[in-house]
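When the count follows this note's numbering, it moves up by one through the sequence shown with no breaks and lands on 495 for the last residue.
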Amino acid sequence: MRVLFATSEAFPLIKTGGLADVSGALPKAIRQLSTFKGDIKLVMPGYSAVLAKLKHVETIANIDVLGETCTILTGTIPGTVLDVIAIKNEALYERAGGPYSDENGKDWLDNALRFGVLSRVASLLCSANSPLPNWQPDLIQCNDWQTGLAPAYMKLLDNSTTKSIFSIHNLAFQGNFHANWLTRLELPAAHFQINGFEYFEQISFLKAGLFYADQLSTVSPTYAQEIQTESLGFGLQGLLQTRSNDLTGILNGIDTQEWNPELDTHLPKNYSNQRITGKSAVKKKLQQQLGFQIDAHAPLLGIVSRLTHQKGLDLLPSIMPQLINQGCQFVILGSGDKALEASFTDLAKRFSDQVSMNIGYHEHLSHNIIAGADIFIMPSRFEPCGLNQLYGLAYGTPPIVTATGGLADSVTDTNDATFKNNTATGFVLKSVTSASLLTTIQRALKIWKDKTDWRKIQKNGMSREVSWEFSAQFYLDLYKKTLSTH
Ligand code: ADP
Ligand code: GLC
Numbered sequence: 010m011r012v013l014f015a016t017s018e019a020f021p022l023i024k025t026g027g028l029a030d031v032s033g034a035l036p037k038a039i040r041q042l043s044t045f046k047g048d049i050k051l052v053m054p055g056y057s058a059v060l061a062k063l064k065h066v067e068t069i070a071n072i073d074v075l076g077e078t079c080t081i082l083t084g085t086i087p088g089t090v091l092d093v094i095a096i097k098n099e100a101l102y103e104r105a106g107g108p109y110s111d112e113n114g115k116d117w118l119d120n121a122l123r124f125g126v127l128s129r130v131a132s133l134l135c136s137a138n139s140p141l142p143n144w145q146p147d148l149i150q151c152n153d154w155q156t157g158l159a160p161a162y163m164k165l166l167d168n169s170t171t172k173s174i175f176s177i178h179n180l181a182f183q184g185n186f187h188a189n190w191l192t193r194l195e196l197p198a199a200h201f202q203i204n205g206f207e208y209f210e211q212i213s214f215l216k217a218g219l220f221y222a223d224q225l226s227t228v229s230p231t232y233a234q235e236i237q238t239e240s241l242g243f244g245l246q247g248l249l250q251t252r253s254n255d256l257t258g259i260l261n262g263i264d265t266q267e268w269n270p271e272l273d274t275h276l277p278k279n280y281s282n283q284r285i286t287g288k289s290a291v292k293k294k295l296q297q298q299l300g301f302q303i304d305a306h307a308p309l310l311g312i313v314s315r316l317t318h319q320k321g322l323d324l325l326p327s328i329m330p331q332l333i334n335q336g337c338q339f340v341i342l343g344s345g346d347k348a349l350e351a352s353f354t355d356l357a358k359r360f361s362d363q364v365s366m367n368i369g370y371h372e373h374l375s376h377n378i379i380a381g382a383d384i385f386i387m388p389s390r391f392e393p394c395g396l397n398q399l400y401g402l403a404y405g406t407p408p409i410v411t412a413t414g415g416l417a418d419s420v421t422d423t424n425d426a427t428f429k430n431n432t433a434t435g436f437v438l439k440s441v442t443s444a445s446l447l448t449t450i451q452r453a454l455k456i457w458k459d460k461t462d463w464r465k466i467q468k469n470g471m472s473r474e475v476s477w478e479f480s481a482q483f484y485l486d487l488y489k490k491t492l493s494t495h
């Protein structure tokens, strides 16, 4: 079985969020399954960071894609045997700033073309005109809107025999562009309609993926249900309902080489479920680095997140003073919403020895927060899967979450029954409000004070199966199902 995995980011080459974690880990995990007989390659844009990090790079071909001359390169991800097909086009991809936006956070104006080219190359690799003619994929897995046009090109332009899966990591990002782009993207105008890639008079990359792919998947069973409803369907619930039989929800796993307290090279001390003592050394070092009082009895609450409406962290600032009064310490890492950045910065100024606000993206600090904090806070309004709560579970840092998407599927609230039967792993809000967040944090703190009870919750989380191996098997089943569709 040859599988092409199309994505706009992959750890450790380039990362803005969970999609990179999944793209870096899932193909690797599938390859390692003893039941998988085949090969997987990634296809992605050759951003500067990607070109700098790829190993064993070879030039395969120069091709014309949507009027752009692109060089197709192959290489491997450092430390792995995973092959990557990178699309090199200096003007499109080698820019200062992020993969989707400039240094000020403003979306690149030519994203339609940048990801149109990604989608078109992915589809060409599955066609008779492939730049890699000796490697014809049986199946392509496309991820999020950036690759959504690939299934459309495959059906409408190439008559491709390769089967396709479109995986939804976040329905909120849709890649909707003005109809003026039709010609430039070489999309047949006849399909710019409701039974096609048109969405409220715009070209929708996301809808194209949902409409034309043979099978659909998303990153948790609960989110697979939620996106078929008006409240979380972002206007696409009707289409998703009609494709309900083709939609599978598979919970993400974690890369246990990258996210493992026993091996994590970012930590000053490693620890495990059997030998948890090292965790307090990580907390101590973190408290010291942040300029907090070094105190094992002060609860340290951690946050690592994009600061957007989705993540619900705007519920936190108003209740922080009360918790700070009770002795809580807060370490926040993230960026996004400027007003929210400012509220946390303001609190960090007022309570500099109890609040630390770190704006930006820091891999090293993120590992130390997940490991060093006592409790991880993630009150998302919606969450397709979420990886940080999984990292929290694996690191003995019980998460406080809302009952949505992958959070509902991965965290079990602590109550009398779940505590007794050893299934309690975290704390779930009753509603998405500041009041409920406060009550839930207070509930967690009360148990935290009893070290024996807390240890039990940590143990439950740390022994929960969160590795990719488990989820990869479900993807392999989906691959097989997709290959048998007509
Ligand atoms: P999403 O993809 O919606 O942002 P996830 O929880 O699935 O949410 O994944 C987020 C990933 O990005 C995690 O690996 C998390 O550790 C990482 N991350 C988010 N913000 C930062 C940051 N500011 N610095 C470092 N890592 C971050
Ligand atoms: C998206 C979602 C997040 C998910 C990640 C990887 O960014 O917001 O919930 O974990 O994709 O699938």
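Just so it is clear, CB atoms sit at the ideal spot from N, CA and C, and this is done for glycine as well.
Model, not experiment: these values are computed from the prediction.
Do we get a CB-CB distance below 8 Å when we pair residue i with the residues of chain C?
i: N143; result: This model lacks chain C altogether, as it is built from one protein chain only.
If you follow the alpha helix (DSSP H) that residue i is in, where does it begin and where does it stop?
i: D486; result: W477 to L492
i: E267; result: It is not in any alpha helix (DSSP H) - E267 carries neither H nor E in the DSSP assignment.
i: M499; result: With the chain covering 10 to 495 only, the question about residue 499 has no answer from this structure.
i: N397; result: N397 to A403
i: K292; result: G287 to L299
i: M471; result: K460 to M471
i: Q451; result: S443 to W457
i: L51; result: That residue, L51, is in no alpha helix (DSSP H); its beta strand (DSSP E) goes D48 to P54.
i: K439; result: Counting along the chain, K439 falls outside any alpha helix (DSSP H), and DSSP gives it neither H nor E.
Going by alpha carbons, who is nearest to residue i out of the options?
i: K216; options: R40, T411 and H200; result: H200
i: L82; options: D111, V52, G76 and S110; result: V52
i: A403; options: L127, N98, Y280 and E77; result: Y280
i: N367; options: P388, M387, G345 and D383; result: G345
i: L122; options: T78, H306 and D264; result: T78
i: L60; options: Q41, S375, L492 and P87; result: P87
i: Y109; options: Y56, E350 and N424; result: Y56
i: G401; options: E103, T494 and S314; result: S314
i: K292; options: N282, A307 and N254; result: A307
i: N168; options: S136, I450 and R104; result: S136
i: H65; options: G369, L42 and I94; result: I94
i: L492; options: L322, Q202 and I174; result: I174
i: K489; options: K172, L91, G258 and Y208; result: K172
i: I456; options: F436, L118, L248 and F214; result: F436
i: R359; options: R452, L180 and N334; result: N334
Got a sec: does ligand 2 put a non-hydrogen atom nearer than 7 Å to the Cβ of residue i?
i: V31; result: yes
i: E392; result: yes
i: V228; result: yes
i: L401; result: For clarity, residue 401 is Gly in the given sequence; the question names Leu instead. No, the beta carbon of G401 sits no closer than 7 Å to any heavy atom of ligand 2.
i: H178; result: yes
i: L1; result: Since the first residue of the chain shown is 10 and the last is 495, residue 1 is not available in this structure.
i: L504; result: With the chain running from 10 to 495 in the structure shown, residue 504 is simply not present.
So is the beta-carbon of residue i under 7 Å away from any non-hydrogen atom of ligand 1?
i: G435; result: no
i: G414; result: no
i: S371; result: At residue 371 the sequence reads His, which differs from the Ser that was named. It does: the Cβ of H371 is within 7 Å (strictly closer) of some heavy atom of ligand 1.
i: G262; result: no
i: V313; result: yes
i: G343; result: yes
i: S480; result: no
Closer than 6 Å by C-beta to residue i: which residues in its own chain qualify, once you throw out the five before and the five after it? Chain order, please.
i: E392; result: T413, G414, G415 and L416
i: R464; result: none
i: V364; result: F339, L356 and A357
i: T411; result: P388, S389, L438 and V441
i: V74; result: V126, R129 and V130
i: T265; result: S476
Would you mind giving the Cβ-Cβ distance between residue i and residue j, rounded to the nearest angstrom? I have them listed as a contact below 8 Å.
i: G218; j: C151; result: 6 Å
i: M387; j: P407; result: No, M387 and P407 are not in contact; Cβ-Cβ is about 11 Å, not under 8 Å.
i: L13; j: L134; result: 6 Å
i: A15; j: I149; result: 6 Å
i: S253; j: L487; result: Actually they do not touch by this definition, with Cβ atoms about 15 Å apart.
Skipping 5 residues on each side, what residues in its chain have a beta carbon closer than 7 Å to that of residue i?
i: Q246; result: I236, Q237, T238 and E239
i: T44; result: L485
i: I23; result: A29, Y56, A58, V59 and P108
i: A290; result: P277 and K278
Here's a check: name, in chain order, each residue in its chain whose Cβ is nearer than 8 Å to the Cβ of residue i, leaving out the five neighbours to either side.
i: L260; result: V228, S229, P230, C394, G415, D418, S419 and S480
i: H371; result: L342
i: Q331; result: L447
i: H178; result: G27, L28, V31, N152, D153, T227, V228, P393 and C394
i: T449; result: I409, F436, V437, L438 and K439
Just reading off the beta strand (DSSP E) that residue i is part of, what are its end residues?
i: F175; result: K172 to I177
i: A70; result: K64 to V74
i: E77; result: E77 to T85
i: V313; result: L309 to L316
i: I384; result: I384 to M387
i: R204; result: For the sequence presented, residue 204 should be read as Asn rather than Arg. Note, N204: premise wrong, no beta strand (DSSP E); not H, not E.
Would you say the beta carbon of residue i comes nearer than 7 Å to a heavy atom of ligand 4?
i: S173; result: Ligands in the displayed structure: ligand 1 and ligand 2; ligand 4 is not one of them.
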